[in-house]
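The structure appears right after this line, and notes come after that.
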Amino acid sequence: MSSSVTLTINQLSQASSMLVLVLSLTSVTLGGIGLIFNILIFIRPPLRREPCVVYFFWSTCFSLILILILQPVRILAVSFGIDQTTFNLGLCKIEWFAIYVTRSASSWFIVLACIDRFFHSSANARVRRMSTLKTARISILVMTIIIFSIHIHSIIYYQTVYQPDRFGNITPSCSPEKSFYYTFLGLWNMVVYSLFPSSLMLLFGLLTLKNIRQQRFIIPAAIDHNQTIRRTDAQLLRMLLAQVIFIIIFTLPLSILQLYSSFTGNFSKTALQLAQESFAFRTASALTYFAHSSTFYMYTVTGTIFRTELFKIVRRCGRTIRNIVSTNRGEIY
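As structure tokens, this is what we get:
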């Protein structure tokens, strides 16, 4: 291996480590703060009665586990080389099972939220009655069981695999063996985690928009209550569509790379090609977390009702801080 190739590989490795570290720390810091605000806002009285918000709340809970617990573990493994899963097969299986479950649950609860909006906006009274808190709780329980069940394959097939790193050295890693399952996993992530839920979100989002437009001709626009309902529905729809776009942008690249890797797994590759693929994989993997850590900022930009409740929380915190400061000053004097 020439010195120039070795230098390029080292530069790619350093750039990859720095980029992944910056992206991951940004996701954990800003995402953690935002997701905590999400929970505080979704339990506010004006919102917690909405079945749609119940889905938002549980999606946020799973995202919080992913961003504040599982992503820091991956930061230690990818950026600092501290990875216990390479030496403990049980941890290897549990960690990746948890990552797949939390990511999928977070996305699929948003799908259920879109379906709820479709039910809620229907002109058919029987369909509208399907949008209830009871339905939301049952749907969340059933979907959680399904998601846990369909990801059992990761516990079965993830192994401690010995494969060449970017320098060509044989090292252990926690990953699926490059066999039929590797190809299956790329297709699985693309369909179950990226394309399929996003497509359903878009479908029911458009159907909801159609229902809302039809309601304008059925319900007189002069009724204030109906105007409030339509505004709320439109805001929730914008919040959902924004998240759909972000899920596609941040999750599709990794699925494409996994498919590429599975189809080229039997090809002979140089150390430089392996380093380039490693750079792409590590960057794409870090980007997927932003589909879950950016929800607070998307909701703030697209939802007026969300911003209203956020400002109420901020003002209340401001008053509490001022009262504490005033009390402390009084005690000093």
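The UniProt record's numbering applies: residue 1 is where the sequence shown begins, and numbers increase by one. Every residue, glycine too, gets a C-beta built ideally from N, C-alpha and C.
Query                                                                                                                             : Result
Where Leu40 falls, given that 16 or more other Cβ within 10 Å makes a residue buried                                              : exposed
Three CB pairs or more closer than 8 Å across the region 241 to 259 and the region 306 to 324                                     : no
Thr283, enclosing alpha helix (DSSP H) - first and last residue                                                                   : 271 to 288
6 Å CB neighbourhood of Phe250 in its chain, flanking five on each side removed                                                   : Leu287, Thr288, Phe290, Ala291
Contacts around Tyr193, its chain only, beta-carbon distance under 7 Å, and the 5 residues preceding and following it disregarded : Arg103, Ser104, Ser107, Thr251
Extent of the continuous alpha helix (DSSP H) run through Ser79                                                                   : 71 to 80
Minimum length 4: unbroken alpha helix (DSSP H) runs contained in the region 95 to 122                                            : none
Cα-Cα separation between Pro72 and Arg48, rounded to whole angstroms                                                              : 30 Å
DSSP state of Ser179 mapped onto helix, strand, coil                                                                              : coil
Sequence-distant residues of its chain with Cβ nearer than 7 Å to Leu207 (five each side left out)                                : Phe118
Within 8 Å, strictly: CB atoms of Phe296 and Leu35                                                                                : yes
C-beta contact flag for Asn189 and Leu254 at 8 Å                                                                                  : yes
Residue from Ser59, Tyr157, Ile138, Arg44 with nearest C-alpha to Ser293                                                          : Ser59
Between the CA atoms of Ile82 and Leu76 - distance to the nearest angstrom                                                        : 5 Å
Short Cβ contact (8 Å threshold) for Pro197 with Ala136                                                                           : no
Proximity below 8 Å, CB of Ile9 to CB of Leu272                                                                                   : yes
Proximity winner among Thr6, His120, Met143, relative to Lys210 (alpha-carbon distances)                                          : His120
Reduced DSSP category for Thr295 - H, G, I as helix; E, B as strand; rest coil                                                    : helix
Close beta carbons around Leu310, own chain, < 8 Å, minus the five adjacent residues each side                                    : Phe37, Ile41, Thr300
Cutoff 8 Å; reference Ile43; Cβ partners in own chain excluding five residues on either side                                      : Phe57
8 Å Cβ cutoff met for Thr302 and Ala242                                                                                           : yes
Residue from Ala123, Phe281, Gln214, Phe204 with nearest C-alpha to Ile115                                                        : Phe204
Selected residue, minimal CA-CA separation from Ser278, among Ala15, Ser3, Ile313, Ser4                                           : Ala15
Nonlocal neighbours in the same chain, by C-beta distance under 6 Å from Leu200, ignoring five residues either side               : Val111
Bridge partner(s) assigned by DSSP for Thr208                                                                                     : Answer is none; Thr208 lacks a bridge partner.
Residue environment, Ala125, which counts as buried when at least 16 other CB atoms sit within 10 Å                               : exposed
Close-in-space but distant-in-sequence residues of the same chain around Gln281 (CB under 7 Å, 5 per side omitted)                : The sequence given here places Phe at residue 281; Gln does not occur at that position. Answer for Phe281: Leu257, listed in chain order.
Distance, Ser179 Cα to Ser268 Cα                                                                                                  : 16 Å
Collapsed DSSP secondary structure at Ser198 in the structure displayed                                                           : helix
Among Val314, Tyr100, Val244, nearest to Phe148 - alpha-carbon criterion                                                          : Tyr100
Outcome for Gln11 when other beta-carbon atoms lying within 10 angstroms are tallied against a minimum of 16                      : exposed
Opening and closing residue of the alpha helix (DSSP H) in which His153 lies                                                      : 152 to 157
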